[in-house]
Amino acid sequence: MPRHVAVIMDGNGRWATARRLPRAAGHSRGVDAVRSTIETCAQRGIEFLTLFAFSSENWRRPTEEVSLLMRLFVSSLQREVGRLVEAGVRMRVVGQLDSLEPELRRLIDEAEQRTAGNQRLQLTVCASYGGRWDIVQAARGLVQRAAREGGAEQIGEEEFAAGLALSFAPDPDLLIRTGGERRISNFLLWQLAYTELYFSDVLWPDFDSDQLDTALRWFAQRERRFGRVAKPVTRL
Ligand code: IPE
Ligand code: IPE
Ligand code: MG
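Counting from 1146, one number per residue, gives the positions in the sequence shown under the working numbering.
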């Protein structure tokens, strides 16, 4: 089992369009897939689940779609946090949160506080998140510290990673992207260095526990070498 699974939840719009429904219907069914994925991950004993909900670049979508997604975020928090509390899920939201509406930020704070004592599954929702934003904000923190304490020599990979939004979690073991595209779309750029990448053509609203189990079985077959050789080398 992977300790940390990260997911790029893509394909809501195409799911809706294929059914001649408005894109909104796809996003709303996407929330159902989020709920089931959280439940299945908790059941399978996965420690960390990180979901890409809204990217830095998604602000470029039409205003109506952006505000719909924000409203959906608000209503999901209102409806689902009680369930998370009961299920033992700790929730965090990371990203450029100062660009979100105050009401949404308040609900995020409340959800984080209400679930802060939970330990079964650590859920992180990436909202207004971009991998480049994350790297830049970490760098900014390090520069400020170096200016105070003097010297850039102390900055190594560990110090850098400590400034990133997911500093509390190990790097993802498995990345799942649904919706058929084979790209990272500015998700966790630093943290994916040695992650196993699983791309599925299934559209996010159709991604159920069977799909997740298929991805987990695929992961179990991977041989992770981290640059080393596979077996003890007997001859060169
Ligand atoms: C993913 O689905 C949800 C978000 C990016 C917010 P899309 O909205 O990207 O769906 P497609 O890719 O257009 O089908
Ligand atoms: C990636 O999906 C972002 C999220 C799932 C939140 P996009 O639909 O925004 O990605 P691109 O634009 O196709 O790369
Ligand atoms: Mg998309």
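Glycine included, C-beta positions come from ideal geometry on N, C-alpha and C.
None of these values were measured; they are calculated from a predicted model.
Verify the contact flag: Gly1262, CB atom, against every heavy atom of ligand 1, threshold strictly below 6 Å.
Position 117 of the sequence shown, counted from the first residue, corresponds to residue 1262. Not so, every heavy atom of ligand 1 lies at least 6 Å from the Cβ.
Let me know the alpha helix (DSSP H) ranges lying completely inside the stretch 1264–1327, each 4 residues or longer, listed in chain order.
1276–1294, 1302–1307
CB of Asp1254 to nearest heavy atom of ligand 3: below 6 Å?
Here residue 1254 refers to the residue found at position 109 of the sequence shown. The answer is no for Asp1254.
For Gly1308, I'd like the list of residues in its chain whose CB is within less than 7 Å of its CB, leaving aside the five on either flank, ordered along the chain.
For the purposes of this step, residue 1308 is identified with residue 163 of the sequence shown, where counting begins at 1. Cβ neighbours of Gly1308 beyond the five flanking positions: Ala1283, Gly1286, Leu1287.
DSSP beta-bridge partners for Thr1195?
Within the sequence shown, the letter at position 50 stands for residue 1195. DSSP, once it has assigned bridges, lists Ala1151, Thr1269 as partnering Thr1195.
Between the alpha carbons of Gly1275 and Pro1377, how many angstroms are there, rounded?
Taking the sequence shown and counting its residues from 1, one reaches residue 1275 at position 130. Taking the sequence shown and counting its residues from 1, one reaches residue 1377 at position 232. Near 39 Å, if we compare the C-alpha coordinates of Pro1377 and Gly1275.
So is the beta-carbon of Asp1155 under 6 Å away from any non-hydrogen atom of ligand 3?
Here residue 1155 refers to the residue found at position 10 of the sequence shown. Asp1155: yes, Cβ under 6 Å from ligand 3.
Beta bridge counterpart(s) of Phe1344 as assigned by DSSP:
Here residue 1344 is taken as the residue at index 199 of the sequence shown, counted from 1. Note: Phe1344 sits in a beta bridge opposite Arg1322.
In whole angstroms, give me the CA-to-CA distance for Asp1358 and Ser1221.
Residue mapping note: residue 1358 aligns to position 213 of the sequence shown, counting from 1. Residue mapping note: residue 1221 aligns to position 76 of the sequence shown, counting from 1. Taking the straight line joining both Cα atoms gives about 25 Å.
Compute the minimum distance between the beta carbon of Gly1158 and the heavy atoms of ligand 1, and state whether it is under 6 Å.
What you label residue 1158 is simply residue 13 of the sequence shown in a count that begins at 1. Yes, Cβ of Gly1158 sits closer than 6 Å to a heavy atom of ligand 1.
Simplified DSSP state of Ser1221, which is helix, strand or coil:
Residue numbering aside, residue 1221 sits at position 76 when the sequence shown is read from its first letter. It is helical.
Return yes when at least one heavy atom of ligand 2 lies under 6 Å from the C-beta of Ser1312, else no.
Along the sequence shown, one-based indexing puts residue 1312 at 167. The answer is no for Ser1312.
By Cβ distance, which residues of its chain are closer than 8 Å to Glu1298, with the 5 residues on each side in sequence left out?
As a first step, residue 1298 is located in the sequence shown; it is residue number 153 there, counting from the start. Nothing meets the Cβ criterion.
Asn1203 to Glu1255 span [Cα, whole Å]
By one-based count along the sequence shown, residue 1203 stands at place 58. By one-based count along the sequence shown, residue 1255 stands at place 110. Between Asn1203 and Glu1255, the C-alpha separation is close to 25 Å.
Which runs of the alpha helix (DSSP H) spanning at least 4 residues fall entirely within the stretch 1160–1209, listed in chain order?
1168–1188
Using alpha carbons as the reference points, say which of Trp1335, Ser1330, Ala1291 lies closest to Ala1306.
Mapped onto the sequence shown, residue 1306 falls at position 161. When each option's Cα is compared against that of Ala1306, the closest is Trp1335.
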